Amino acid sequence: IQLNARQSPSFSDFHTAPRRQYVLHLLGTGEYETADGSKRQLGPGDILVAEDLTGHGHIARGLGEGQRYILAVPLAAG
5 IQLNARQSPS FSDFHTAPRR QYVLHLLGTG EYETADGSKR QLGPGDILVA
55 EDLTGHGHIA RGLGEGQRYI LAVPLAAG
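Right, here's the structure in full:
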């Protein structure tokens, strides 16, 4: 399990997830954009299952101002 603290606003260009994982948003708002242009905003209490291990991956943006806290929980392979 990994706790990530990020300063918003932020931008991370296309990248893949490092492993299959749950991404739990604890504080702040993030926006994720997939290769097809779809966007989704996630805030405190929202959970994302990251499975884009190949291909273009996704863009991640930190919205608003201040710290953003995210908890990454690895999932078993498969």
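Numbering-wise (the working numbering), the sequence shown opens with residue 5 and increments by one. Positions of the beta carbon are idealized from the N, C-alpha and C atoms, including for glycine. Because the structure is a prediction, the values reported are computed rather than measured.
Looking only at C-alpha atoms, which of the options sits nearest to residue i?
i: Leu-28; options: Gly-61, Tyr-73 and Arg-44; result: Tyr-73
i: Ala-21; options: Ala-9, Gln-71, Leu-57 and Thr-38; result: Leu-57
Give the straight-line distance between the Cα atoms of residue i and residue j, rounded to the nearest whole angstrom.
i: Ala-80; j: Arg-24; result: 7 Å
i: Gln-45; j: Tyr-36; result: 6 Å
i: Arg-65; j: Pro-13; result: 7 Å
i: Gly-32; j: Ser-16; result: 16 Å
i: Tyr-26; j: Thr-38; result: 17 Å
i: Ile-5; j: Pro-78; result: 7 Å
Buried or exposed: residue i, going by 16 or more other Cβ atoms within 10 Å of its Cβ?
i: Ala-54; result: buried
i: Gly-49; result: exposed
The beta strand (DSSP E) spanning residue i covers which residue range?
i: Thr-38; result: 33-38
For residue i and residue j, which I take to be in contact (beta-carbon distance under 8 Å), what is that distance rounded to the nearest angstrom?
i: Leu-7; j: Leu-67; result: Their Cβ separation, rounded to whole angstroms, is 20 Å, which puts Leu-7 and Leu-67 out of contact at 8 Å.
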